[in-house]
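To keep things clear, I will list the structure first and then write my remarks on it.
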Amino acid sequence: MKVGVVTFPGSLDDVDAQRAVRIGGHEAVALWHGDHGLQGVDAVVLPGGFSYGDYLRCGAISRFSPVMTEVVEAAGKGMPVLGICNGFQILCESHLLPGALIRNDHRKFACRDQLLRIENVSTPWTSSYAEGQEVTIVLKNGEGGFVADVETLDRLEGEGRVVARYLGDNPNGSLRAIAGITNDRGNVVGLMPHPEHAVEDLTGAGTDGLGFFTSLAAATFA
Amino acid sequence: MPKVVVDVMPKPEILDPQGKAVLGALPRLGFDGVSDVRQGKRFELEVDGEVTDEVLARVHEMAGTLLSNPVIENFTVHVDEAVADTPDVVS
Chain A
1 MKVGVVTFPG
11 SLDDVDAQRA
21 VRIGGHEAVA
31 LWHGDHGLQG
41 VDAVVLPGGF
51 SYGDYLRCGA
61 ISRFSPVMTE
71 VVEAAGKGMP
81 VLGICNGFQI
91 LCESHLLPGA
101 LIRNDHRKFA
111 CRDQLLRIEN
121 VSTPWTSSYA
131 EGQEVTIVLK
141 NGEGGFVADV
151 ETLDRLEGEG
161 RVVARYLGDN
171 PNGSLRAIAG
181 ITNDRGNVVG
191 LMPHPEHAVE
201 DLTGAGTDGL
211 GFFTSLAAAT
221 FA
Chain B
1001 MPKVVVDVMP
1011 KPEILDPQGK
1021 AVLGALPRLG
1031 FDGVSDVRQG
1041 KRFELEVDGE
1051 VTDEVLARVH
1061 EMAGTLLSNP
1071 VIENFTVHVD
1081 EAVADTPDVV
1091 S
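Heads up: the sequence lines are chains A and B, in that order.
Numbering of the first sequence is given in my numbering, commencing with residue 1 and proceeding in unit increments.
Numbering of the second sequence is given in my numbering, commencing with residue 1001 and proceeding in unit increments.
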């Protein structure tokens, strides 16, 4: 499967995401924010970082990058899209996902190995996991507090659209300890922690993040 | 040339950690009597020509599309003639 990884000015984790895609058994295709067209990829990853310096709001300017026109259109047709950290912020700013990410409630940058529970395993990014599986994945963010109005939160919970939840101390003040969500169709996933940093034993907290990249193969859109 | 000002504020129900940080710093500096601080953004847009209703409608569109995120922020728009004549440097 061909998985595109978009590089924005200020992306940090695009190369790690490409590597994780390859370790997950796929071909990684570098996509440039300023280009139109997705080069025939089957799925897209929006990586972490500080695109456009986080000016205005995190993800606010990236949302209007030329490539995002195609990403939004493809997502609407069911293409799997995973936004990690800054990518999650871009997906919210693009209205592909509800809610928004605000500054951590404790006002400090959080960087730690984070325990999560995977709660929705029906997305193309999480089907390799068992429902309720607890995984440890790197978390690093300054503006990772997920917020939405009560009605939206209730709908996300009621429709099983909370993909991952923080266990233990809430690292950033996210409402209902939400670490990741999906859209109503289930093909677009936003996640604050970084699975692409947890795909090899050599570095990081283990390989619990690999499932996000191996899930694609199991997904039913061959 | 008139300026159109867009003020963007976090919605009342949204936590504002930056405002909280400022609130915490004030008493440490001896400034008492402030019970809450909310921090927002102010955009001053210099527009070409007259500020017509049409121009203001476009500014509202800009404010709702790019300058603010309606999920977490509210905005107001007003024309500030005084801003235009005031030098940037104020003593």
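Heads up, the beta-carbon is just placed ideally off N, CA and C, and yes, glycines get one too.
Just checking: is the beta-carbon of residue i within a distance shorter than 9 Å of some beta-carbon in chain A?
i: residue 1081/B; result: no
i: residue 1015/B; result: yes
i: residue 1069/B; result: yes
i: residue 1003/B; result: no
i: residue 1023/B; result: no
i: residue 1029/B; result: no
i: residue 1076/B; result: no
i: residue 1066/B; result: yes
i: residue 1091/B; result: The predicted model places residue 1091/B with a pLDDT of 47, which falls under 50 and marks its position as unreliable; any figure quoted below should be read in that light. Closer than 9 Å: no.
i: residue 1010/B; result: yes
Do you know how far the Cα of residue j is from the Cα of residue i?
i: residue 222/A; j: residue 1051/B; result: Confidence is the limiting factor: at residue 222/A the pLDDT is only 42, short of 50, which leaves the residue's position unreliable, though a coordinate-based value still follows. Taking the straight line joining both Cα atoms gives about 55 Å.
i: residue 79/A; j: residue 17/A; result: 18 Å
i: residue 1042/B; j: residue 122/A; result: 43 Å
i: residue 1025/B; j: residue 1035/B; result: 12 Å
i: residue 1047/B; j: residue 1056/B; result: 10 Å
i: residue 82/A; j: residue 191/A; result: 8 Å
i: residue 1049/B; j: residue 1009/B; result: 28 Å
When burial is assigned at 16 or more other CB atoms within 10 Å of the CB, is residue i buried or exposed?
i: residue 193/A; result: buried
i: residue 1004/B; result: buried
i: residue 63/A; result: buried
i: residue 25/A; result: exposed
i: residue 213/A; result: buried
i: residue 1027/B; result: exposed
i: residue 108/A; result: exposed
i: residue 1063/B; result: buried
Taking Cβ positions, are residue i and residue j nearer each other than 9 Å?
i: residue 163/A; j: residue 189/A; result: yes
i: residue 65/A; j: residue 126/A; result: no
i: residue 1095/B; j: residue 1007/B; result: The first residue shown for chain B is 1001 and the last is 1091, placing residue 1095/B beyond what the model contains.
i: residue 8/A; j: residue 49/A; result: yes
i: residue 97/A; j: residue 181/A; result: yes
i: residue 53/A; j: residue 90/A; result: no
Since I believe residue j is in contact with residue i (beta carbons under 8 Å), could you give me their beta-carbon distance rounded to a whole number of angstroms?
i: residue 165/A; j: residue 119/A; result: 6 Å
i: residue 72/A; j: residue 45/A; result: That pair is no contact at about 15 Å.
i: residue 100/A; j: residue 144/A; result: About 11 Å; that fails the 8 Å criterion.
Measure from the C-beta of residue i to each C-beta in chain B and report whether the shortest distance is under 9 Å.
i: residue 176/A; result: no
i: residue 147/A; result: yes
i: residue 181/A; result: no
i: residue 155/A; result: no
i: residue 197/A; result: no
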